[in-house]
Every structure is written in C-alpha cells, then in structure tokens.
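The opening position of the sequence shown corresponds to residue 121 in the working numbering, with each subsequent residue numbered one higher. The beta carbon of each residue, even a glycine, is placed where N, CA and C say it ideally should be. Since the model is a prediction, treat every value here as computed from it, not as a measurement. Right, one structure below, let's go through it.
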Amino acid sequence: MQLATYIQTIQLHLIKTHQLVLDWFWAPEAMQSFRPADQGWTISEILEHIALTSHFLLILIDKAAHKSLPFDAQLLEDYLLQSPLSLDKIDQIGIHKSFVWVRPEHMEPTGKKSALEVKDELISQLHRCLSHLENLKNGAGLQYKTTMSVQALGKLNVYEYIYFLSKHAERHLMQMEENKAEFFG
C-alpha cells in the first residue's frame, strides 16, 4: 500500500466511524439509558467509554506524533523497504466480542459528564487525530513506535495507533446496535 493511500484509509475510517458514533447522541433518551439484560453498559455509558479510551490513547498519540518530528527521509525509506504498509493486524480490534478485552478501571464510564460534554470531547478527539494525520502526511508517523499490549499487537506507529483508536470506536458501534435491538426486542 502506498503511504498516501495508507493515511487516507485511516482518515476515512476515522471520519466514518466518528460520524456513526456521533449519530447515537440523537437516539431517544430511553434507548440511550436502557440497560441490557446482561447488565452491560447503556448506550450513554458506551459513548462515555469511547471518549475516555480515546482520551488516554491520544495522550500516547500526541507524544508519539511529537517525537516523530523532525522527519527523516532516509529512515522512512528504510522503514518502507523493511515493512510493507498494512493495517490488517489492527482490524480485529473493531469487532465486538472478537476477544476478551480487560479494560483499565480509569476507562470505565462514571456518568459525571453530560452527553453534550462527551459529544464535544469526541468531536475534539476526531479533529486532533485528523490534525496528526495532516501534520505527519509525509510519513514521519512511521518513525516512532509505542507498545500496544491489547491483543499482543506489539509496537505500533503513530498511524496505527490512530487507526486503533478508530477501530476501538467501531467495536462499540456493534455493542450499541445490540443494545438498540434488545431495546426494541
């Protein structure tokens, strides 16, 4: 995959996924606060969890993006010769219940933020990710890697981390659809 296509794939996934997530804020309040029979999270709690998780992922993404600059063209060329650009290893993250995911306690929803605050945070997070992709469009985001322990993914570059963030949100879209189906059950 070419670098421009690789970055554009992540960008498009981010936009599409976040639009679908943001659409859930328009669901009726009764549906958003409905607790499924398995005592899982409500849609409101899922939305808050997505924002919380993205908050903590963006701390790592921000640091990695900063460390990726200045750009080293030789390092990029060496990287591309050794590793073809692919996002396949992260795709499973976007599938609800595809593996056991033990999230840290600080990513559990608390209900302390209003729906508007959560929505604004998600929009801001989307803009930050898109800004990183724009600022690193020359391939600099390949230069720095951070370890991701989930599913033993290992070291991810900045672009992969952003894709992971987007795939995490996608994972919870499926969960919200399940809640909706049970609500109308």
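- Approximately 6 Å separates the beta-carbon atoms of residue 181 and residue 278; this is inside 8 Å, confirming the contact.
- Residue 187: member of the alpha helix (DSSP H) spanning 163-187, first to last residue.
- Following the DSSP letters along the chain, one finds residue 125 in no beta strand (DSSP E) but inside the alpha helix (DSSP H) bounded by residues 123-143.
- If you check the CB distance, residue 177 and residue 264 do not come in under 8 Å.
- Distance between residue 216 and residue 286, taken at the CA atoms: about 13 Å.
- DSSP lists no beta-bridge partner residue for residue 299.
- Taking 8 Å as the cut-off, the beta carbon of residue 151 is found closer than this to the beta carbon of residue 303.
- Less than 8 Å divides the Cβ of residue 229 from the Cβ of residue 165.
- Per DSSP, the continuous alpha helix (DSSP H) segment holding residue 239 begins and ends at 235-255.
- The beta carbon of residue 241 lies closer than 6 Å to those of 171 in the same chain, with the five residues before and after it left out.
- In this chain, the alpha helix (DSSP H) harbouring residue 195 covers 193-202.
- When rounded, the separation of the alpha-carbon atoms in residue 218 and residue 288 is 12 Å.
- The C-alpha of residue 233 lies about 35 Å from the C-alpha of residue 126.
- Using a Cβ distance threshold of 8 Å, residue 273 and residue 210 count as a contacting pair.
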